[in-house]
Amino acid sequence: MNSATASPALGLLLDVDGPIASPVSRRIAIPAITRDLVALAEVGIPLVFNTGRSDAFIRDEVVVPLIAAGLPRGARVHGVCEKGASWFSIGPEHGPGGMSEVVVDESLAMPADFSAEMDALVTGDYADLVFFDHTKRAMVSIEQLTSVSSADYLARQRGLDERAMEALVTRGFGVRRLDDVRPDAQGDVQWRIDPTIISTDIESVLLGKDRGAERALELLADDGPLPLSWRTVGDSRSDYAMADWLHAHGHDVAHVDVRPADGIPTTPYPVLTSASELIHDEAGAEFLAGWVADVRG
């Protein structure tokens with residue numbers, strides 16, 4: 000348990016792709032982002048990465064840079080991956096890798112035979128477009144190759160998603176595509192297809208950024224007092240679920256949208272966008288720099 004008794008003024012719940020990592024390179028491309036994350040952690044601001052990415056991706060692309068940049072022992076930093084299916088703590092006190100043991104909710108994992116079929120489909124028909132993410136423990140994720148243009152990927156993404164839906168319906172499952180307004184394919188919906196600008200996630204309907212927010216607060220409750228207010232940060236409409244959950248459970252929150260071109264929904268909490276009209280990780284860097292300036296007075 001953290002020895003601090005005062006509640007931090009601010010807590011950050013951060014999507015990774017977009018606000019932290021470049022959606023082009025899939026890495027932290029702006030060094031100031033890592034520097035400012037460490038600076039916030041040093042003054043006791045809790046940071047939780049709430050992402051659809053795997054723990055292996057977060058280890059390589061987020062944890063390693065944070066440790067190298069001097070993340071202090073005892074900082075309140077955690078990772079919630081695969082939209083709430085796995086979670087862990089981050090810091091040098093957890094050994095050379097900088098991560099505690101990963102906890103996985105196996106009850107939320109996709110059927111193994113479906114995962115194998117999607118892996119074979121990618122290898123056979125879509126190897127020029129995407130790759131199958133073998134580091135996922137619960138979800139099935141199929142991601143755009145960095146050598147493929149966004150336009151080429153998006154032109155074929157829908158067809159790949161339809162193949163995944165057919166494979167699930169054939170098995171007797173209820174499934175829907177997250178951005179589809181048509182009726183659900185069959186019966187009670189158990190699985191969801193969630194397309195993003197660089198990938199498609201196929202997952203349990205019990206997973207989501209709201210489930211990730213719930214996991215995040217459970218982790219923080221174990222190491223100290225909860226923040227007085229929150230900023231959630233994301234680049235897609237599904238990321239608003241973080242702020243939705245926090246607001247519904249009585250927390251003061253504002254959401255930062257680093258890609259507002261999708262449209263800003265009506266919300267009961269403030270929505271913030273870049274004053275400089277920056278997007279993605281450039282907008283994320285702008286907000287982080289502002290929060291560092293605020294806490295340093």
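Numbering (numbering that gives the first Met the number 0), first residue to last: 0 to 296. Glycine is no exception: its CB is placed at the ideal position from the N, C-alpha and C atoms. Being a predicted model, the structure only gives us computed values, none of them experimental.
In or out: residue i buried (at least 16 other Cβ within 10 Å) or exposed?
i: R72; result: exposed
i: P30; result: exposed
i: D183; result: Low per-residue confidence applies at D183: pLDDT is 43, beneath 50, and the placement is therefore not dependable, though the value from the model is reported in the following sentence. That one is exposed.
i: A5; result: exposed
i: A215; result: buried
i: R175; result: buried
i: G96; result: exposed
i: V297; result: Lying before the first or after the last residue shown, residue 297 is absent from the chain, which here runs from 0 to 296.
i: S149; result: exposed
i: S88; result: buried
i: R58; result: buried
Excluding sequence positions up to five away, which residues of its chain have a Cβ less than 6 Å from the Cβ of residue i?
i: P269; result: A253
i: R181; result: Any reading at R181 must be qualified, since the residue scores a pLDDT of 45, below 50, and its modelled position is unreliable; the value itself is stated next. Closer than 6 Å at the Cβ level, and outside the excluded window around R181, lies no residue.
i: P224; result: S6
i: S275; result: none
i: L167; result: V174, W190
On the DSSP bridge list, what partners appear for residue i?
i: I192; result: R176, I201
i: A20; result: D16
i: W229; result: G10, V252
i: G78; result: F48, F87
i: L297; result: Since the first and last residues shown for the chain are 0 and 296, residue 297 lies out of range.
i: F131; result: I141
i: V121; result: Paired residues: none, contrary to the question.
i: M98; result: I89
i: V37; result: In DSSP, V37 forms no bridge with anything.
i: V62; result: Bridge partners of V62: none, in fact.
Measure the CB-CB distance between residue i and residue j and report whether it falls below 7 Å.
i: I19; j: G283; result: yes
i: P45; j: P226; result: yes
i: D209; j: R236; result: no
i: V121; j: F131; result: yes
i: D222; j: R75; result: yes
i: T134; j: S53; result: yes
Excluding the 5 residues preceding and the 5 following residue i in the sequence, name in chain order all residues of the same chain whose CB lies nearer than 7 Å to its CB.
i: D14; result: N49, T50, V232, G233, D234, D238
i: R230; result: L9, L11, A253, V255
Excluding the 5 residues flanking residue i on each side, which residues of the same chain have their C-beta closer than 8 Å to its C-beta?
i: V291; result: D35, A38, L39
i: Y125; result: I141, R155, L159
Quiz item: Can you find at least 3 beta carbon pairs, one from the region 189-206 and one from the region 33-40, that sit closer than 8 Å?
Solution: no
Exercise. Evaluate contact between the region 69-89 and the region 38-51, counting only Cβ atoms and requiring at least three cross-stretch pairs below 8 Å.
Key: yes
Exercise. Decide if the region 107-120 is in contact with the region 134-154; the criterion is three or more beta carbon pairs, one per stretch, under 8 Å apart.
Key: yes
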